[in-house]
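Protein chains: 2
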Amino acid sequence: MAEGSSVREDKAGEVGAFVERFASTLTDAGFPRLAARVFATLLVSETGRLTAAELAEKLRASSGGVSGAVRYLVHLRLIRVERDPGTRRHAYVVDGSWYEATVTANPFLERGEADLREGIAILGDSPAADRLNETLDLIHFLRDETQAMMRRWHERKAEQRTRRTARRA
Amino acid sequence: MAEGSSVREDKAGEVGAFVERFASTLTDAGFPRLAARVFATLLVSETGRLTAAELAEKLRASSGGVSGAVRYLVHLRLIRVERDPGTRRHAYVVDGSWYEATVTANPFLERGEADLREGIAILGDSPAADRLNETLDLIHFLRDETQAMMRRWHERKAEQRTRRTARRA
DNA sequence: ATGAAGTTTCAGTAATCGCTGAAAGTTCAT
DNA sequence: ATGAACTTTCAGCGATTACTGAAACTTCAT
Numbered sequence: 000m001a002e003g004s005s006v007r008e009d010k011a012g013e014v015g016a017f018v019e020r021f022a023s024t025l026t027d028a029g030f031p032r033l034a035a036r037v038f039a040t041l042l043v044s045e046t047g048r049l050t051a052a053e054l055a056e057k058l059r060a061s062s063g064g065v066s067g068a069v070r071y072l073v074h075l076r077l078i079r080v081e082r083d084p085g086t087r088r089h090a091y092v093v094d095g096s097w098y099e100a101t102v103t104a105n106p107f108l109e110r111g112e113a114d115l116r117e118g119i120a121i122l123g124d125s126p127a128a129d130r131l132n133e134t135l136d137l138i139h140f141l142r143d144e145t146q147a148m149m150r151r152w153h154e155r156k157a158e159q160r161t162r163r164t165a166r167r168a
Numbered sequence: 000m001a002e003g004s005s006v007r008e009d010k011a012g013e014v015g016a017f018v019e020r021f022a023s024t025l026t027d028a029g030f031p032r033l034a035a036r037v038f039a040t041l042l043v044s045e046t047g048r049l050t051a052a053e054l055a056e057k058l059r060a061s062s063g064g065v066s067g068a069v070r071y072l073v074h075l076r077l078i079r080v081e082r083d084p085g086t087r088r089h090a091y092v093v094d095g096s097w098y099e100a101t102v103t104a105n106p107f108l109e110r111g112e113a114d115l116r117e118g119i120a121i122l123g124d125s126p127a128a129d130r131l132n133e134t135l136d137l138i139h140f141l142r143d144e145t146q147a148m149m150r151r152w153h154e155r156k157a158e159q160r161t162r163r164t165a166r167r168a
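Taken in order, these protein sequences are the chains called A and B. For the first sequence, numbering that gives the first Met the number 0 begins at 0 and goes up steadily by one. For the second sequence, numbering that gives the first Met the number 0 begins at 0 and goes up steadily by one.
Listed below in structure tokens is the structure:
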């Protein structure tokens, strides 16, 4: 066997490969490359919590690049910043519920809805206005239903937790 | 008043402005510029049905550009093509239910799910794997719930239609 | 078969994007 | 206040993207 291929290091290699593979999936979904890699790295990290410097080192990327990438991810609410007092480091944090943000925070909805209303007013009584109205209806329906759906999700999660705790007792 | 500002033409101007405004919202959401303008133009058109040549003319864009834009939109399932026989024209069609595609056709889901499974296998028993597992759970939950949600939406729409028909009778 | 009406493909290009590296800014310790 | 540790900002650039215009292709009519 070649040098540096112990079991432990092979696993690190596999994890690294996974990071790049998952990052590709994200870039195909529209993420900037480095933001995708930063996010994947956070996801597979033990604590889900890394500093800018740690990310830059692991990814061999510049501090500036990392800064932009985390800004992008924070904006999408996929990670959050923790500035722990007593040190100058910022820590960037991801947890298991990151995917919720992709469901609840749809940036198009609010602005799109406003646009559609305007369009309907301008178009007056017409098939085009009917079309926009149907879209508007669906947007409202989705807003309500999505809220209810996520409520159910949280209830289920809470229930799972209490059941696990009960079993342990 | 300046020439060409009759009521009818003012309305055309307002509609044109709306097209560009809505297109901006879409480009901010990640659409290529021309694809966004093509889509907005289709939305506000009387029939929701225009040929490539009509789109090129309205938008003062090249035929090649329009060709790429409609390919993009078809791929996202926001419009569909109708090649009506007896003529060489292709018609590009949008209807009131276009927004459904944004809900049901999430390109990330399948590939993301496969990636997550791999990641979990590689990571073994660890907090990182727990994180990925929670995401996977949510993805499954969302797939089921979204299906049910859209079923409810269609039922509601069907009900609305029958009620309108009954009132008319 | 030939031509006309329409669409797609593709090379070229202008504009935009995403990264690096350096400088400036911020925060904490003394 | 001063300096050290760390992050952000930003000019510069290489890579990518999205459009144009021309040529190639397809489809229908004669």
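C-beta atoms are modelled at their ideal positions from N, C-alpha and C, and glycine is treated no differently.
Here the C-alpha atom of B/ALA147 lies approximately 31 Å from the C-alpha atom of A/VAL73. B/PRO106 reaches chain A at ASP27 and ALA28, counting residues in chain order whose Cβ is nearer than 9 Å. Distances from the alpha-carbon of A/TYR91 to those of A/ARG155, A/GLY47 and A/HIS139 put A/GLY47 closest. Annotated as distal: A/VAL102 and A/ILE78, with beta-carbon spacing of 7 Å or more.
Comparing alpha-carbon positions, the option among B/ALA22, B/GLU154, B/PRO106 and B/GLU133 lying closest to B/ILE119 turns out to be B/GLU133. Neighbours of B/GLU45 in chain A, taken as residues at a C-beta separation under 8 Å, are given in chain order as SER125, PRO126 and ALA127. Between A/THR24 and B/ASP114, the C-beta spacing is below 7 Å. Here the alpha carbons of B/TRP97 and B/ARG162 stand approximately 23 Å from one another. With respect to the 7 Å criterion, A/VAL18 and A/ALA52 are not classified as neighbours on the basis of their beta carbons.
In the structure shown, A/HIS153 falls within a helical segment according to DSSP collapsed to helix, strand and coil.
One Cα belongs to A/GLU56, the other to A/GLY15, and the distance between them is close to 13 Å. B/LEU131 and A/GLY95 have their C-alpha atoms roughly 6 Å apart.
In this structure, DSSP gives A/LEU49 an extended state, which the three-state scheme calls strand. Of all alpha-carbon atoms in A/GLU154, A/ASP27, A/ARG116 and A/SER44, the one lying nearest the alpha-carbon of A/ALA11 is that of A/SER44. Interface annotation, B/TYR91: not in contact with chain A, CB-CB separation never under 7 Å. Between A/ARG32 and A/THR26, the CB-CB gap stays under 7 Å. Put simply, the backbone Cα of B/ASP143 is about 13 Å away from that of A/MET149.
For B/GLU81, the pairing in a beta bridge is given by DSSP as B/ALA90. When rounded, the separation of the alpha-carbon atoms in A/LEU122 and A/LEU108 is 21 Å.
Between B/ALA34 and B/ALA60, the C-beta gap is not smaller than 7 Å, which leaves the two residues out of contact. Judged by DSSP in its simplified three-state form, A/PRO106 adopts helix. Annotation for B/ALA35: the continuous alpha helix (DSSP H) segment containing it runs 32 to 43. CA-to-CA, the gap between B/PHE140 and A/LYS156 works out to about 11 Å. By alpha-carbon distance to B/VAL65, the top candidate from B/HIS89, B/ARG76 and B/GLY85 is B/HIS89. Counting other Cβ atoms within 10 Å of its Cβ, B/THR145 reaches 16 or more and is therefore classed as buried. Within chain A, the C-beta atoms nearer than 8 Å to that of B/THR24 come from PHE107, ARG110, GLY111 and ASP114, in chain order.
At a cut-off of 7 Å between beta carbons, B/VAL14 contacts chain A.
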